[in-house]
Amino acid sequence: MKRFFTRIYVCWQRVPITSILVAMIWLAFLAGGANRASLHRIFGLSTRGDANFLHLFSSGITSPTLMGALGSSLFIAVLGVVTERSLGWARYLLIVLASQAVTVPVGLGLCHAFLGGSPLWHHELTAGNYLSPSAWIFTASMVASARMPTLWRRRVRLIAFGYVTTALLFTGTIATLVAFTGCVLGFIAGELAFQGGNRLFRFRATISLREQRFLVAFLIACVTFVPLIVSFHAETQDPFLRTSQLLWESTEVRITNYQACQTPDSLRCFEAVKLANQHGVGSAITSLLPGLLQLLFTYGLLRGRRGAWVASLLAQLANLVLVATQFISVDISQARLEFNILSTAFAAIPWLICFFSLLFTRRLFRVRAKRKNARLCLLVILVGLVSACLFWFIGTLAMPNAFTPRATLALALQQLPSQLLPPVLSILLPFYLVPVSAAGWFISSWTVVIMWVALTLAFSFLLFGTDSSVSDADWQRAREILVSGSGDHLSFMTLWEGNSYFFSDDGYVAYRHHGGVAVTLGEPVVASGGDKQRLASTFEAFVLKQGWHCAWYSVSAEFERPEFHKLHVAEESILHATQVGFTGKKFQNIRTARNNAAKEGITALWTTWEELDLEMREKIAALSEEWVAQKALPEMGFTLGTLEELQVPGTKLLLAVDQQENLHGVTSWLPVYQQGQLAGYTLDFMRRDREGFRAVMEFLLAQALVQAVSEGLEWISLSGAPLAKDSTIQNPGLLDAVLNKAGQSIEPLYGFQSLANSKYKFHPEHRGWYLAYNDELALGSIALAVVSCYLPSLRATDTLNTVRLWLEAQREKRLPAKPISQR
161 MKRFFTRIYV
171 CWQRVPITSI
181 LVAMIWLAFL
191 AGGANRASLH
201 RIFGLSTRGD
211 ANFLHLFSSG
221 ITSPTLMGAL
231 GSSLFIAVLG
241 VVTERSLGWA
251 RYLLIVLASQ
261 AVTVPVGLGL
271 CHAFLGGSPL
281 WHHELTAGNY
291 LSPSAWIFTA
301 SMVASARMPT
311 LWRRRVRLIA
321 FGYVTTALLF
331 TGTIATLVAF
341 TGCVLGFIAG
351 ELAFQGGNRL
361 FRFRATISLR
371 EQRFLVAFLI
381 ACVTFVPLIV
391 SFHAETQDPF
401 LRTSQLLWES
411 TEVRITNYQA
421 CQTPDSLRCF
431 EAVKLANQHG
441 VGSAITSLLP
451 GLLQLLFTYG
461 LLRGRRGAWV
471 ASLLAQLANL
481 VLVATQFISV
491 DISQARLEFN
501 ILSTAFAAIP
511 WLICFFSLLF
521 TRRLFRVRAK
531 RKNARLCLLV
541 ILVGLVSACL
551 FWFIGTLAMP
561 NAFTPRATLA
571 LALQQLPSQL
581 LPPVLSILLP
591 FYLVPVSAAG
601 WFISSWTVVI
611 MWVALTLAFS
621 FLLFGTDSSV
631 SDADWQRARE
641 ILVSGSGDHL
651 SFMTLWEGNS
661 YFFSDDGYVA
671 YRHHGGVAVT
681 LGEPVVASGG
691 DKQRLASTFE
701 AFVLKQGWHC
711 AWYSVSAEFE
721 RPEFHKLHVA
731 EESILHATQV
741 GFTGKKFQNI
751 RTARNNAAKE
761 GITALWTTWE
771 ELDLEMREKI
781 AALSEEWVAQ
791 KALPEMGFTL
801 GTLEELQVPG
811 TKLLLAVDQQ
821 ENLHGVTSWL
831 PVYQQGQLAG
841 YTLDFMRRDR
851 EGFRAVMEFL
861 LAQALVQAVS
871 EGLEWISLSG
881 APLAKDSTIQ
891 NPGLLDAVLN
901 KAGQSIEPLY
911 GFQSLANSKY
921 KFHPEHRGWY
931 LAYNDELALG
941 SIALAVVSCY
951 LPSLRATDTL
961 NTVRLWLEAQ
971 REKRLPAKPI
981 SQR
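The working numbering puts the first residue of the sequence shown at 161, with every later residue one more than the last.
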């Protein structure tokens, strides 16, 4: 109990207004006796006009139903916390009051203006009563989103707009219409107040692959599970509720129609059984299993699984077919639903949005399942199908009198398709056998459970396994060779996703194949006692046999291959242990950075992804997303790690954290192994908070060298800057000159040369990285292959955006510099 109250106190300290608002909802709900009519009478605002001004504010105090109060509390916990921490408690309270005062009358006014003449809305607007905290919840969160970092701004807006829009289409209540109005008003007000309207119509931010997958998965999950939430309110009579009733039939209707089964052979009984079949434990489980299956698909989408993408696409098509079929097949007068074309359109909108969203984002889901997982999935589905069929046939033939008419093999076979579908789909098919006893209902209900449990298990095997690009055994073998053998400074990157392996007795080569070119990731990784040159020759023979070109990418100057030419592609920076004192005038900036960090209470945390808590992981993700949003090019891969690569076991993280647990910067360090021993670390991932400690990168790089020296290591590598100018070339050739010009040209897009310049503050030793190739005529295809390695999901829109920003940068270069007085 003490721990419980301690957590409440901590929550109160961090977000006092949010805590008060949650308490307010429940205290008011209990004060009204948890009774819908009483709550509306005490706190509600009349939709036809209310003379009591206080009702404008009291109508946002609580919700009239238990599910509404729970839902409101959940959204305050999700959105209110980040909103208050972004705005501060005083500003948050002010915006909550302003949101309620503005959004509710504007929302109700718009409803009267545009929907007052509609027969669907006339009763709700003339005799209804508004009581919901949704107006200030969503309006305030949308206002605050304009001040949030890119990651949270995007997520808050998606949660708010996604839920409210979907709920509007499925329920169409006055509360959801007011909430939707609040989302729009909050979005506009936030952008005008905090950003001056500069971002209002500008949607140029680049989104990382991880975040794009999250956005698509959340959209699918929202449209999938909001109808389930709405189904708990299926007894209410809202204008658009007929949309939700397509999926969730009213219990009152089912029970009333079931009374019609006095004569089992009547048509009326058959229709009643279609609805009664949705009752019972077995039917309840089966109704939830499709949702659980879609939850698995959502998880697969988050992980970029192609199988989840295909299954989700088919699920949206199935939902569209279901909606259309029910409108066609349901007896309108009997079901008491006044369907029309407008209702059909509203019912189809959510799944149409999901279908086309999936269709246009196919490139995000490239991870294919292993063949053995796919075979296991098919096997489980087959076993489930056979088991369900056997259970159905044995049950019906063993107890034929449990059904009407009396069960026969022919009737059981005709009834089988209906028995394999969940209740919401099975009511679309004719019934040839009607259960008339408990045993009959048991057989009928649990046949479909067997089938759908098998489907759920099958897809869990398919989507929870590793991807098909590399087997677990190959990855483990590569890791063992790397740790026990010798690699170059980039060899740990060979353990990242997307690489293929060529193994021999001497070690392995990691490569990626694009357009007939095998692009290696660094030099060969040599096993203990292996020969690097022999391994390279064996790999080249393998590549030649496949009919490909071989490109050794990011290799050192010492790596020589017969008849291969070299082209400088990057500049590596090495810091030695002798520099750890940072003495002398040339290291003044580094010493200043370390001293200022100490004064501001910023410390360096040497850790791994596994050791971090969830909150710190989210802070790293937010920094990364903010960084990606500032770039014209999409997030790269290959030799440039992303958030996913931080999670590879063995990767070290160095974080700059202050006393308030604010994250100012993060770097990742990859171990380098020589002769089975840790020899050094290579820098990979670098992200910083633009609003945080300015010299955070200098501080982190200096601390990394201190950490390496404390482990007895002789050096660390600050990695390479692609297309940075090679300072060692005295007389550059034509290709070198072209690459240097290319590096200068794309500098505004990615900042490679700026990255190299920032490392020069440490006065490192420079070493060149090269591309080794043996066919000058293949340089064009090799260049395209390297680009594909870095940007496998580059779209035409990305290319156009990149060209536009590049042209803007070139135009700014040509403009004359402003006098100091005008700057």
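Backbone N, C-alpha and C define an ideal beta-carbon position, used for all residues, glycine too.
None of the values given here were measured: they were computed from a predicted structure.
Between the alpha carbons of L519 and L473 lies a gap of roughly 8 Å.
Using a Cβ distance threshold of 7 Å, G220 and A295 count as a contacting pair. Residue environment for D849: buried (at least 16 other C-beta atoms within 10 angstroms of its C-beta). If you draw a straight line from the Cα of R637 to the Cα of V669, it comes to about 12 Å.
For I942, the enclosing alpha helix (DSSP H) has its first and last residue at 939 to 950.
For Y671, the beta-bridge partners assigned by DSSP are S660, T680. Sixteen is the threshold: when 16 or more other Cβ atoms of the shown chains lie within 10 Å of the Cβ of S368, as they do, the residue is buried. The DSSP-derived three-state label of H736 is strand.
In this structure Q863 touches A764 by the C-beta definition: roughly 4 Å separates them, less than 8 Å. For M846, the closest C-alpha among the options F321, Q837, V856 is that of V856. The three-state secondary structure of A717, taken from DSSP, is coil.
In this structure, the beta-carbon distance from F330 to V376 does not fall below 7 Å. One Cα belongs to L735, the other to F652, and the distance between them is close to 19 Å. Counting along the chain, the unbroken beta strand (DSSP E) around L823 starts and ends at 823 to 834.
Under the three-state reduction of DSSP output, A839 falls in the strand class.
No beta strand (DSSP E) of 3 residues or more sits fully in the stretch 293 to 362.
If you look at A816, you'll find it in the beta strand (DSSP E) that goes 812 to 817.
Taking one beta carbon from each stretch, the stretch 765 to 776 and the stretch 795 to 813 have 3 or more pairs nearer than 8 Å; the two touch. In the three-state DSSP reduction, E731 falls in the strand class (E or B). Take the alpha-carbon of E785 and the one of E371: they are about 8 Å apart. Residue ranges of uninterrupted alpha helix (DSSP H) with 4 or more members, entirely inside the stretch 452 to 491 and ordered along the chain, are 466 to 489. Between R373 and L524, the CB-CB gap stays under 7 Å.
Taking a C-beta distance under 7 Å as the contact criterion, F798 and H824 do not qualify as a contact pair. Closest in alpha carbon position to N479, among G228, L512, F457, is L512. Here DSSP, grouped into helix, strand and coil, assigns R531 to helix. Inter-segment contact for the stretch 608 to 623 and the stretch 677 to 687 is absent: fewer than three beta-carbon pairs are separated by less than 8 Å. Counting every other CB atom within 10 Å of its CB across the protein chains shown gives A558 a total below 16, marking it as exposed. By DSSP's assignment, K726 forms a beta bridge with A932.
Burial state of N289 is buried, judged by a 10 Å Cβ sphere holding 16 or more other Cβ atoms.
Closest in alpha carbon position to R463, among Q575, E657, L199, S198, is E657. At least 7 Å separates the beta-carbon of A306 from that of F378.
In this structure, E732 lies near R927, with their beta-carbon atoms less than 7 Å apart.
Under the 8 Å Cβ criterion, the stretch 555 to 572 counts as touching the stretch 590 to 599, having at least three qualifying pairs.
Here P595 carries a strand assignment [DSSP, helix/strand/coil]. For A562, there is no enclosing beta strand (DSSP E), as DSSP gives it neither H nor E. The secondary-structure analysis by DSSP pairs L765 across a beta bridge with L815.
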